[in-house]
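Scroll down for the structure; my scribbles are underneath it.
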Amino acid sequence: MALIRLGFGRQHLCLLRRRSLLLSKLIAVVFAVLLFCEFLIYYLVIFRCDWPEVKTPAHNSGQETLKAMFLADTHLLGEIRGHWLDKLRREWQMERAFQTALWLLQPEVVFILGDIFDEGKWSSPQAWADDVQRFQKIFRHPRHVLLKVVAGNHDIGFHYQMSTYKIKRFEKVFNPERLFSWKGINFVMVNSVALEGDGCNLCSEAEAEIIEISHKLNCSRELLWWLRPRLVLSGHTHSACEVLHGAGTMEISVPSFSWRNRNNPSFIMGMLTPTEYALAKCYLPYENTVLATYCVAVGFLAVLMLAHFKLLASPLLFGWNLLRKLKTT
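Note that UniProt numbering gives residue 22 to position 22 of the sequence shown, counting from 1, and the numbers run on in steps of one.
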């Protein structure tokens with residue numbers, strides 16, 4: 001009787017060990033997949049991005065080079081159209097991508113060119129405060145890195161939805177500075193929503209600001225944007241398309257940084273001097289790659305559990321038997 005009990009005890013202990021081993025394997029696989037898909041993949045993808053080289057090296061011309069990162073259309077979802085799970089997923093992806101890019105690429109200034117929020121044009125004061133708080137968490141940055149933001153139509157409304165209240169609300173959070181200069185390079189931050197040219201009050205104010213800046217820079221009103229820019233950067237697009245204006249000025253539409261962008265989020269890296277510039281596009285991890293990795297992991301876990309419960313031969317045993325059969329034939 002004692003021997004029978006001892007046998008049952010050993011069998012029970014062996015069963016517990018097998019279950020513990022299976023649980024350990026499952027936890028290890030899940031942890032490894034989560035670590036790769038939610039953290040490491042951002043480092044692996046963004047690590048391949050390189051800063052472009054300007055045609056005339058800065059050290060040869062005595063000019064300093066500025067590393068600038070340009071992104072647009074983050075479209076942080078609001079309380080009306082944003083499902084909590086969609087918001088959680090998108091914002092986590094943007095946060096990991098942005099923080100990884102800051103750590104790996106070390107930009108000196110980051111520009112976000114419009115449509116920071118998806119529902120800023122109609123959000124209530126409380127919803128606006130909540131959206132701003134989330135933005136500040138996602139796009140937090142060290143003090144030595146400057147963050148410059150331009151309003152988009154989703155932030156303050158389309159042309160005839162725009163109001164003084166919405167503009168002031170936006171400028172209270174984000175620095176309304178229109179002319180920004182660093183290392184001898186002038187950046188003009190333009191509210192493009194107000195450049196309809198129909199003489200509305202807000203449009204007239206925006207045009208007056210640009211004229212004032214043009215006077216500061218000693219430029220002529222007849223030139224493009226009343227200035228003479230070497231490069232115009234704008235948001236609201238899903239690809240880094242280029243347009244050459246009649247005056248020979250290049251306009252680059254900065255791609256979307258949000259995963260709302262059909263699995264193709266990206267941003268632009270710029271090396272700038274007072275006389276030259278070079279731009280390069282940096283892609284972020286594809287959502288399809290992440291989903292495929294999760295699917296493969298689920299399949300592997302299913303095979304592992306089936307093999308454990310002897311519903312499926314062990315993959316190693318199956319391979320060994322197949323190899324033996326090949327050798328005997």
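All C-beta atoms, glycine included, are put in the ideal place defined by N, C-alpha and C.
Classification of residue i by the beta-carbon crowding that lies within 10 angstroms, buried from 16 upward
i	result
Arg-169	buried
Tyr-160	exposed
Tyr-165	exposed
Glu-222	Low confidence applies here, because Glu-222 scores a pLDDT of 41, under 50, leaving its location unreliable and the question unanswered by this model.
Trp-128	buried
Gly-299	exposed
His-154	buried
Ile-80	exposed
His-75	buried
Ser-256	buried
Thr-100	buried
Thr-289	exposed
Ile-211	exposed
Pro-125	exposed
Val-303	exposed
Ile-27	exposed
Pro-107	buried
Phe-135	buried
residue 330	No information on residue 330 is available, as it lies outside the stretch 1 to 329 that the chain covers here.
Arg-143	exposed
Sequence-distant residues of its chain with Cβ nearer than 7 angstroms to residue i (five each side left out)
i	result
Phe-139	Phe-98, Leu-147
Phe-70	Phe-111, Leu-113, Leu-233, Val-254, Phe-267, Ile-268, Gly-270
Gly-78	Phe-117, Asp-118, Glu-119, Ser-123, Ala-127, Asp-131
Trp-259	Arg-90, Gln-93, Pro-265, Glu-287
Leu-102	His-141, Val-145
Backbone secondary structure at residue i - three-state DSSP
i	result
Val-54	coil
Gly-299	helix
Val-30	helix
Ala-208	helix
Ile-185	strand
Tyr-294	helix
Ser-20	helix
Met-305	helix
Trp-225	Here the model assigns Trp-225 a pLDDT of 41, short of 50, so the residue's position is not dependable, and the following value carries that caveat. Of the three classes helix, strand and coil, the one that applies to Trp-225 here is helix, per DSSP.
Glu-95	helix
Lys-87	helix
Lys-166	helix
Ser-214	helix
Lys-148	strand
Beta-carbon proximity check, residue i vs residue j, cutoff 7 angstroms
i	j	result
Gly-184	Pro-274	yes
Gly-82	Lys-121	no
Ile-231	Leu-66	Per the sequence shown, residue 231 should be read as Leu rather than Ile. Cβ atoms of Leu-231 and Leu-66: not closer than 7 angstroms.
Ala-208	Leu-202	no
Val-33	Ala-292	no
Cys-282	Cys-37	no
Contacts around residue i, its chain only, beta-carbon distance under 6 angstroms, and the 5 residues preceding and following it disregarded
i	result
Ala-280	Pro-52, Met-269
Ile-41	Pro-285
Ala-72	Leu-113, Gly-114, Gly-235, Val-254
Same chain only: Cβ atoms within 8 angstroms of residue i, ignoring 5 sequence neighbours per side
i	result
Phe-47	Leu-104
Lys-172	none
Minimum Cβ-Cβ distance from residue i to chain D less than 7 angstroms
i	result
Met-94	Structure shown: chain D not included; a single protein chain is present.
_the region 184 to 203 touching the region 141 to 156, judged by at least three CB pairs closer than 8 angstroms_ = yes
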